[in-house]
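Shown next, in structure tokens, is the structure this report addresses.
Protein chains in written order, with the numbering used here: chain A, 1 to 115; chain B, 116 to 229.
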């Protein structure tokens, strides 16, 4: 069975500092990997995805994520955090094996950017 | 822009009532999904549909049913609401083209069952 682990319930970072939100996954074969963000009282918004190719994926709002196959990780990063980045972040995985495959979400990490 | 709308933002129902949650998407997506979101548990898939009148169980289908009579509309039904179904319900849609695609989410319905 596939799974996603987001080991930190909350990450605090000062405005202007780099941020990292961690994600590790387990799936049979190669993965599709996603990051979503949820602002208060809103649905989830897609940030970025990894399908194949370059291990560094760039997404919306200056976010990027690095795929590391040996460590089965897909950490979300941003060089300089903004207060407006404060939100709930979800990592998700699906097997890359043809046809529609179920997407499994992590439990979420709350990012708090401190002014 | 893709727009996914849900019929209610907030809903309060009593135990035993039949509850309908409606979801409509305007981008002609083949796939539609219902999730529930609970603190510490993330998103859990209830049901999904990859075509009109087609449905597949997700991870937690017990106590729920779904209906998809038209491509743009996907309904979640709680036949007899219980207090443990108090949750945030999120609808999503995605196209079918090549790889697994990102999902587009509605704003959510916060359901309280008393």
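We put the beta carbon where it would ideally sit given N, CA and C, even for glycine. Keep in mind that this is a model prediction, so the values were computed, not measured.
Which residues DSSP lists as bridging residue i, in chain order
i                      : result
residue 36 of chain A  : A:46 and A:90
residue 5 of chain A   : A:24
residue 133 of chain B : The partner list for residue 133 of chain B (beta bridge, DSSP) is empty, contrary to what the question assumes.
residue 82 of chain A  : Answer is none; residue 82 of chain A lacks a bridge partner.
Chain B contact for residue i (CB, 9 Å cutoff)
i                      : result
residue 9 of chain A   : yes
residue 2 of chain A   : no
residue 74 of chain A  : no
residue 41 of chain A  : yes
residue 107 of chain A : yes
Range covered by the beta strand (DSSP E) that runs through residue i
i                      : result
residue 161 of chain B : 157-164
residue 66 of chain A  : 64-68
residue 12 of chain A  : 10-14
residue 114 of chain A : 109-114
residue 207 of chain B : 202-209
residue 125 of chain B : 125-128
residue 119 of chain B : 119-121
Through-space distance from residue j to residue i, alpha-carbon basis
i                      : j                      : result
residue 166 of chain B : residue 119 of chain B : 17 Å
residue 176 of chain B : residue 87 of chain A  : 28 Å
residue 25 of chain A  : residue 2 of chain A   : 8 Å
residue 18 of chain A  : residue 63 of chain A  : 11 Å
residue 40 of chain A  : residue 191 of chain B : 23 Å
residue 130 of chain B : residue 184 of chain B : 27 Å
residue 13 of chain A  : residue 170 of chain B : 42 Å
residue 101 of chain A : residue 197 of chain B : 30 Å
residue 67 of chain A  : residue 52 of chain A  : 10 Å
residue 10 of chain A  : residue 93 of chain A  : 20 Å
residue 114 of chain A : residue 79 of chain A  : 15 Å
residue 204 of chain B : residue 221 of chain B : 9 Å
residue 240 of chain B : residue 138 of chain B : Nothing in the structure corresponds to residue 240 of chain B, since chain B is present only between 116 and 229.
CB contact check: residue i to chain A, cutoff 9 Å
i                      : result
residue 129 of chain B : no
residue 215 of chain B : yes
residue 222 of chain B : yes
residue 140 of chain B : no
residue 183 of chain B : no
residue 189 of chain B : no
residue 136 of chain B : no
residue 119 of chain B : yes
residue 156 of chain B : yes
- Report the residue ranges of all beta strand (DSSP E) runs contained in full by the stretch 138-197 of chain B; include only those spanning at least 3 residues, in chain order. 146-153, 157-164, 179-185 and 188-193, all fully within the stretch 138-197 of chain B.
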